[in-house]
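Shown next, in C-alpha cells, is the structure this report addresses.
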Amino acid sequence: MENKAQKATLISGIFASIAAASCCVGPVLFAVLGVSSAGVLSKMEPYRPYLTIITIILLGAAFYFTYRKKNTEECDSDSYCANPKADKWNRIILWSATVLILGFLTFPYWSIYLI
24 MENKAQKATL ISGIFASIAA ASCCVGPVLF AVLGVSSAGV LSKMEPYRPY
74 LTIITIILLG AAFYFTYRKK NTEECDSDSY CANPKADKWN RIILWSATVL
124 ILGFLTFPYW SIYLI
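Numbering of the sequence shown is given in my numbering, commencing with residue 24 and proceeding in unit increments.
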C-alpha cells in the first residue's frame, strides 16, 4: 500500500505543479511553437496560489512516504518493499521530481530572463 500511496502523491504533485505553472509556462511554450492562442492559459493565474499549496502538500506527503521508517510487518522479507535498492531508487526519483516541481513553481519568477 505504501508504494502505491508514494507513487500517487509524487505523480499528483508533478501534475499539480504543471497546472500551477500553466499560466506562465503555457504561453511561452506555445509562442515558441508558433501557436497563436496561447493567452488562453493565462486565465489559470488566479488559481496558481491554490495549486501551489496543493503541490507543496503532495510533495510533503511523498517525502513522508519515502523517508518514514517502515514497520517490520509492512514488508515481506523477499518483497520489493524490503529491498534496499528500492529505497535508493525511490529517493532518486523523489528528488528528481522535486527539482522538476521547483522549476515549474518558480518559472514565473525566472522566465523574464529567457527573453
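All C-beta atoms, glycine included, are put in the ideal place defined by N, C-alpha and C.
Nothing here was measured: the structure is a model prediction, and the numbers come from that model.
Looking at C-alpha atoms only, which residue of the options is the closest neighbour of residue i?
| i | options | result |
| --- | --- | --- |
| K92 | A42, L33 and D110 | D110 |
| A43 | L125, I135 and L137 | L125 |
| F130 | A85, S35, T75 and W112 | T75 |
| I37 | Y70, W118 and M67 | W118 |
| L33 | M67, S134, R71 and R114 | R114 |
| Y73 | S40, F127, Y87 and A84 | S40 |
Span of the alpha helix (DSSP H) holding residue i?
| i | result |
| --- | --- |
| R71 | R71 to Y90 |
Mapping the DSSP letters down to three states, classify residue i as helix, strand or coil.
| i | result |
| --- | --- |
| L123 | helix |
| L137 | coil |
Report, in whole angstroms, the separation of the C-beta atoms of residue i and residue j, which I expect to be a contact under 8 angstroms.
| i | j | result |
| --- | --- | --- |
| L82 | T121 | 6 angstroms |
| Q29 | T78 | That belief does not hold up - the Cβ atoms of Q29 and T78 are roughly 16 angstroms apart, past 8 angstroms. |
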